[in-house]
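These protein sequences, in sequence, are chains A and B.
Heads up: the first sequence begins at 15 in this note's numbering, then just goes up one per residue.
Heads up: the second sequence begins at 103 in this note's numbering, then just goes up one per residue.
Even glycine gets a Cβ: it sits at the ideal position worked out from N, Cα and C.
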Amino acid sequence: MKRPFAPAVMLACALTSLLPGGASAAQKKSVTSPAKPRLDINKPEDVIAIDRKTSCSTEDGKEALYWWKGNVYSRIQGEKDRHLFGVHGMNFRTCKSFSDPKRGPGYRSVSREMLIYVDKDSGEVLRKWKNPWTGEEVDVLHVANDPVSMREPTHAYAADGTPKTLRGEVKDGWVLGGGGAARLFYTNPLGGDYQDYVGGTYHAMEFGTDAAKLEDLTDPNTTTVKDRVLTWVRVSKWLPWMRMGGRIGVVVFNTAGLRLESFDEMPEVVKTEIRTNWPVYQSAPPPDDPRPSMTSWDQFKRWRGEKK
Amino acid sequence: MRLTALVLSGIVATTSVAAEQRKPGAVPLPPPPLDLSRPEGVIAANRKMACSLEDAKPVVFWWKGGAYSRVPGERDRHLFNVEGMNIRQCGTVQDPQRGSGYRLVSREILLYLDLETGNPLEKWKNPWTGKENDVVQVTNDPVNGPPIFPLGADGAPAKWRGTSMKGRVWTSGEVPLFYKNPLGGDYQEYIGGDYQAMEMLTMFAYEKDLLDASKKEVTDLTISWARTSNWLPWMEMGDRVGMMIFTTVGKRLLKADDLTPLMKQEIATHYPAYTAPPPLDDARPNETSWTYFKKKVDGKRKEGSR
């Protein structure tokens, strides 16, 4: 029996690296030359190609877009979980090729990512939120991380020679990714210097699942996997802008979505918010973007600084 | 585990849609697609995803993933893996006021698996108490739904709550549960111990399969199930602060034989009833992991007092 199929990474990666997927039949190019062999899910070099098709594209610089939506709840021991607000997420990404004499073909992905909180009833973008526990009305800070990128390229073989394997479980012609979780527990950038003693550590778990068809995934004639669905769930401490301080409890995000082909396919509320307030999120960063990833914590610090 | 309850939460359908189209002697035209703006269409769509428009057709769901702990102040722990299955069938139910609906009946298993060997756990070393606990696998028979009709008990028409995009269609929902714990005492509102959990289920299908009225079921369907809950009773965690987090992925199987060798072997060896759903007229109350555990503990205590 395999271990859970996918080690989820941080939010962006969780959504894309969990599972190889495949390109849809509609996308197939007409085959004129002798038929290429299918990609082999047991061959590390092909797994890299499958990963790229799934996450972005085997073509350098080609953009890929993911969108997902769902709900955010509170969980406080002793009271029924509350529906706090809705949420839309999006990630715009692209990949660049790398090659290593020992480690074989590889790639690095770069992306921009947003989570936009929306009113649970009207579905409109949330600007202010009435905290039901403190009674305070707080300003909402959407997640806008530019960039969310792989630290280093990933290759067919890891530095220690471990070959890359297909992430996911093959079942009835589908490849299903999920079961793993990124368990995050580290010194909170918003916390003080003595978190080991007094608490305040950053504490969250993120996990995704995804599904794509095996035949799309191993199709040698396509550069992307167009038909791919996913879920993303997160259990974490209160969001900083909720101003919950040391109160006990967590927030639970539950979302579902899919890969899109263009910005225009996203819901109006997301497009309008991005065009109006976050225009840079209408595309992926350049493929050779050298900047380190940003987190919502960096963003929160900057936001607080601007407000002061 | 209440996968079924979630499946039912949006829902319901009728078999009459396709039947109405047939006229004697006429060249059979393809039936018009399901109309999700009509309550009958909503019922049919939900029924196609959950089971089949055909009465008494057994359908099997399967999923697997991981189970984790959350305790404030420590990194979440990966405690064990899980693999689940549900075998169900639906039957048409007529109501003079509420229309033609259906009821789903099912049996459900969730196995807790050893992280290293992948085998079902018999004993589990609790890392917080240091105690070795007997593991109680989830075998819930039955997990049935109430009948669901185009019109609710209050007369409100069933509404489609799915999302359609690019030919894909999915339903995704959360069910926060907070009720008196069957294992708790009579004064839970004073001293705590309530059952608290949230079930999250997403089911992905293709719109053309769902809306095609000539298809009685949606077979190309993948799922994701997650859950946050109190500690499992057999972990003997008592009042310790913390919770469980489950994450799984799975799909509707084409046939029961597509279950994993492990699950098939467990069923054959220990749970033979789970090769078929309960009868459509099953009148028994639902079993949950908590009620099942209570029976186990009560049985043990009886034995001990003898």
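**Inter-residue CB distance, THR321 (chain B) and LEU356 (chain B) (contact presumed, cutoff 8 Å)** = Mapped onto the second sequence, residue 321 (chain B) falls at position 219. Mapped onto the second sequence, residue 356 (chain B) falls at position 254. With a Cβ gap of about 6 Å, THR321 (chain B) and LEU356 (chain B) count as contacting.
**Prompt:** What are the residues of the stretch 355-369 of chain B that lie near chain A, defined by any Cβ-Cβ distance shorter than 9 Å?
**Reply:** Contact residues of the stretch 355-369 of chain B toward chain A are LEU355, LEU356, ASP360, THR362 and LEU364 (C-beta to C-beta distance below 9 Å).
**Request:** Label ASN221 (chain B) either buried or exposed according to how many other C-beta atoms from any shown protein chain fall within 10 Å of its C-beta, with 16 as the threshold for buried.
**Result:** Residue 221 (chain B) sits at position 119 when you count from the first residue of the second sequence. When all chains shown are included, ASN221 (chain B) counts as exposed.
**Item:** Inter-residue CB distance, ASP303 (chain A) and VAL124 (chain A) (contact presumed, cutoff 8 Å)
**Value:** Taking the first residue of the first sequence as 1, we reach residue 303 (chain A) at position 289. Taking the first residue of the first sequence as 1, we reach residue 124 (chain A) at position 110. The beta-carbon separation of ASP303 (chain A) and VAL124 (chain A), rounded to 5 Å, stays under the 8 Å limit for a contact.
**Prompt:** Going straight from the alpha carbon of TRP336 (chain B) to that of VAL238 (chain B), what length do you get?
**Reply:** Here residue 336 (chain B) is taken as the residue at index 234 of the second sequence, counted from 1. Here residue 238 (chain B) is taken as the residue at index 136 of the second sequence, counted from 1. Using only the alpha carbons, I get a separation of about 6 Å.
**Message:** Let me see if you follow: with CB-CB separation under 7 Å, is ALA270 (chain A) close to chain B or not?
**Reply:** Counted from its first residue, the first sequence places residue 270 (chain A) at position 256. Yes, ALA270 (chain A) counts as interfacial toward chain B.
**Request:** Assuming PRO160 (chain B) and ALA378 (chain B) form a contact by the criterion Cβ under 8 Å, report the distance between their Cβ atoms to the nearest whole angstrom.
**Result:** Within the second sequence, the letter at position 58 stands for residue 160 (chain B). Within the second sequence, the letter at position 276 stands for residue 378 (chain B). Going by Cβ atoms, the distance from PRO160 (chain B) to ALA378 (chain B) rounds to 6 Å, so yes, they are a contact pair.
**Message:** Quick check: the stretch 185-194 of chain A against the stretch 341-351 of chain B, are at least 3 beta-carbon pairs closer than 8 Å?
**Reply:** Output reads yes: the stretch 185-194 of chain A touches the stretch 341-351 of chain B.
**Asked** So, helix, strand or coil for ASN183 (chain B), using DSSP?
**Response** Stepping through the second sequence from its first residue, residue 183 (chain B) is reached at position 81. Residue state for ASN183 (chain B) is assigned as strand, using DSSP reduced to three classes.
**Asked** Is VAL247 (chain A) closer than 7 Å to ALA328 (chain B) when the C-beta atoms are compared?
**Response** In the second sequence, counting from the first residue as 1, residue 328 (chain B) sits at position 226. In the first sequence, counting from the first residue as 1, residue 247 (chain A) sits at position 233. Yes; because the gap between Cβ atoms is below 7 Å, this pair is in contact.
**Prompt:** So, does the CB of TRP392 (chain B) fall closer than 7 Å to a CB anywhere in chain A?
**Reply:** As a working mapping, residue 392 (chain B) is identified with position 290 in the second sequence. So no, TRP392 (chain B) is outside the interface.
**Message:** Here's the rule I'm using: 16 or more other beta-carbon atoms within 10 Å means buried, otherwise exposed. How should TYR204 (chain B) be labelled?
**Reply:** In the second sequence, the residue the question calls residue 204 (chain B) occupies position 102. Buried.
**Request:** Determine the direct distance from the alpha carbon of TYR87 (chain A) to that of SER307 (chain A), and round the result to whole angstroms.
**Result:** The residue given as residue 307 (chain A) occupies position 293 in the first sequence. The residue given as residue 87 (chain A) occupies position 73 in the first sequence. TYR87 (chain A) has its alpha-carbon roughly 27 Å from the corresponding atom of SER307 (chain A).
**Asked** Taking Cβ to Cβ, would you say GLU309 (chain B) is nearer than 7 Å to SER274 (chain B)?
**Response** As a position in the second sequence, residue 309 (chain B) is number 207, starting the count at 1. As a position in the second sequence, residue 274 (chain B) is number 172, starting the count at 1. At a Cβ-Cβ threshold of 7 Å, GLU309 (chain B) and SER274 (chain B) do not count as neighbours.
**Message:** Assuming the contact rule is C-beta atoms closer than 8 Å, ASP137 (chain B) and THR194 (chain B) should be a hit. Round their C-beta distance to whole Å, please.
**Reply:** Translated into the one-based positions of the second sequence, residue 137 (chain B) becomes position 35. Translated into the one-based positions of the second sequence, residue 194 (chain B) becomes position 92. Here ASP137 (chain B) is actually not in contact with THR194 (chain B); their C-beta atoms are around 19 Å apart, not less than 8 Å.
**Item:** Span separating the alpha-carbon of GLN290 (chain B) from that of ARG96 (chain A)
**Value:** Sequence index remark: in the second sequence, residue 290 (chain B) carries index 188 (1-based). Sequence index remark: in the first sequence, residue 96 (chain A) carries index 82 (1-based). Computed Cα separation, rounded: 20 Å.
**Asked** Just the Cα atoms here: how many angstroms apart are GLY175 (chain B) and ALA195 (chain A)?
**Response** Stepping through the second sequence from its first residue, residue 175 (chain B) is reached at position 73. Stepping through the first sequence from its first residue, residue 195 (chain A) is reached at position 181. Cα to Cα, the separation comes out at about 18 Å.
**Prompt:** Is there contact between the stretch 254-268 of chain B and the stretch 67-80 of chain A, where contact requires at least three CB pairs shorter than 8 Å?
**Reply:** Contact fails: fewer than three Cβ-Cβ distances are below 8 Å.
**Prompt:** Listing by chain order, which chain E residues have their CB less than 8 Å from the CB of TYR87 (chain A)?
**Reply:** Structure shown: chain E not included; protein chains present are A and B.
**Prompt:** When the Cβ atoms of the stretch 279-295 of chain A are set against those of the stretch 89-105 of chain A, are three or more pairs found closer than 8 Å?
**Reply:** At 8 Å Cβ cutoff, the stretches touch.
**Message:** To the nearest angstrom, how far is the alpha carbon of ASP225 (chain A) from that of TYR208 (chain A)?
**Reply:** Residue numbering aside, residue 225 (chain A) sits at position 211 when the first sequence is read from its first letter. Residue numbering aside, residue 208 (chain A) sits at position 194 when the first sequence is read from its first letter. According to the sequence provided, residue 225 (chain A) is Ala. The question's Asp does not apply to it. The straight-line gap from Cα to Cα measures roughly 43 Å.
**Message:** Considering only DSSP beta bridges, list what LEU53 (chain A) is partnered with.
**Reply:** Here residue 53 (chain A) refers to the residue found at position 39 of the first sequence. DSSP lists no partner for LEU53 (chain A).
**Request:** Round the Cβ separation of PHE106 (chain A) and ARG122 (chain A) to the nearest angstrom and send it over; I've been treating them as touching at under 8 Å.
**Result:** On the first sequence, residue 106 (chain A) is found 92 positions in, with the first residue counted as 1. On the first sequence, residue 122 (chain A) is found 108 positions in, with the first residue counted as 1. About 16 Å; that fails the 8 Å criterion.
**VAL139 (chain A) versus A:PRO146, A:TRP147, A:TRP255 and A:LEU155, residue with shortest Cα-Cα distance** = Counted from its first residue, the first sequence places residue 139 (chain A) at position 125. A:LEU155 is the residue among A:PRO146, A:TRP147, A:TRP255 and A:LEU155 whose C-alpha sits nearest the C-alpha of VAL139 (chain A).
**Message:** I'd like to know if the stretch 289-300 of chain A and the stretch 175-182 of chain A are in contact, where contact means that at least 3 CB-CB pairs between them fall below 8 Å.
**Reply:** Result no; under three Cβ-Cβ pairs closer than 8 Å.
**Message:** Please classify GLY36 (chain A) as buried or exposed, where buried requires at least 16 neighbouring CB atoms within 10 angstroms.
**Reply:** Within the first sequence, residue 36 (chain A) is the residue found at index 22, counting from 1. With a pLDDT of 35 at GLY36 (chain A), under the threshold of 50, the modelled position of that residue is not reliable, and the figure given next carries that caveat. The residue in question, GLY36 (chain A), is buried, as its Cβ has 16 or more Cβ neighbours within 10 Å.
**Separation of GLY143 (chain B) from PRO134 (chain B), as counted between CA atoms** = Residue mapping note: residue 134 (chain B) aligns to position 32 of the second sequence, counting from 1. Residue mapping note: residue 143 (chain B) aligns to position 41 of the second sequence, counting from 1. Computed Cα separation, rounded: 11 Å.
**Message:** Does chain A have any CB closer than 7 Å to the CB of VAL119 (chain B)?
**Reply:** Taking the first residue of the second sequence as position 1, residue 119 (chain B) is located at position 17. Model confidence at VAL119 (chain B) stands at a pLDDT of 37, short of 50, so the residue's coordinates are unreliable; what they give is reported in the following sentence. Not a single C-beta of chain A is nearer than 7 Å to the C-beta of VAL119 (chain B).
**Endpoints, the beta strand (DSSP E) within which ASN291 (chain A) is located** = Here residue 291 (chain A) corresponds to residue number 277 of the first sequence, with the count starting at 1. Residue range 282-291 is occupied by the alpha helix (DSSP H) that includes ASN291 (chain A), with no beta strand (DSSP E) assigned at that position.
**Prompt:** Under 9 Å Cβ-Cβ, which residues of chain A neighbour ASP178 (chain B)?
**Reply:** The residue labelled residue 178 (chain B) in the question sits at position 76 within the second sequence. Correct list: ALA195, ARG197, LEU198, PHE199, HIS217, ALA218, MET219 and VAL249.
**Request:** Give the residues from the stretch 229-263 of chain A that approach chain B closer than 8 Å (Cβ to any Cβ), ordered along the chain.
**Result:** Along the stretch 229-263 of chain A, going in chain order, the ones with a CB nearer than 8 Å to a CB of chain B are ASP241, VAL243, THR245, VAL247, VAL249 and ILE262.
**Message:** Please state whether the Cβ-Cβ distance between SER331 (chain B) and MET346 (chain B) is less than 7 Å.
**Reply:** Position 229 of the second sequence, counted from the start, is the residue given in the question as residue 331 (chain B). Position 244 of the second sequence, counted from the start, is the residue given in the question as residue 346 (chain B). A Cβ-Cβ contact shorter than 7 Å links SER331 (chain B) with MET346 (chain B).
**Item:** Neighbourhood of SER171 (chain B) by C-beta distance below 8 Å, restricted to the same chain and skipping five residues each side
**Value:** The residue you call residue 171 (chain B) lines up with position 69 of the second sequence. By the criterion of a C-beta distance shorter than 8 Å, SER171 (chain B) is surrounded in its chain by ASP178, ARG179, LEU181, GLY344, MET345, MET346 and ILE347, once the five residues flanking it on both sides are discounted.
**Prompt:** Since GLY286 (chain B) meets chain A, which of its residues come closer than 7 Å, beta carbon to beta carbon?
**Reply:** Position 184 of the second sequence, counted from the start, is the residue given in the question as residue 286 (chain B). Within chain A, no residue comes near GLY286 (chain B); the closest Cβ sits about 12 Å away, beyond 7 Å.
**Minimum C-alpha distance to LEU279 (chain B) - residue among A:GLN91, A:TRP82 and A:LYS321** = Position 177 of the second sequence, counting from 1, holds the residue named residue 279 (chain B). For the residues A:GLN91, A:TRP82 and A:LYS321, the minimum Cα distance to LEU279 (chain B) belongs to A:GLN91.
**Request:** Please list the residues of the stretch 167-191 of chain B that have a C-beta atom closer than 9 Å to any C-beta atom in chain A, keeping them in chain order.
**Result:** Residues GLY167, GLY168, TYR170, ARG172, PRO174, GLY175, GLU176, ARG177, ASP178, ARG179, HIS180, ASN183, VAL184 and GLU185.
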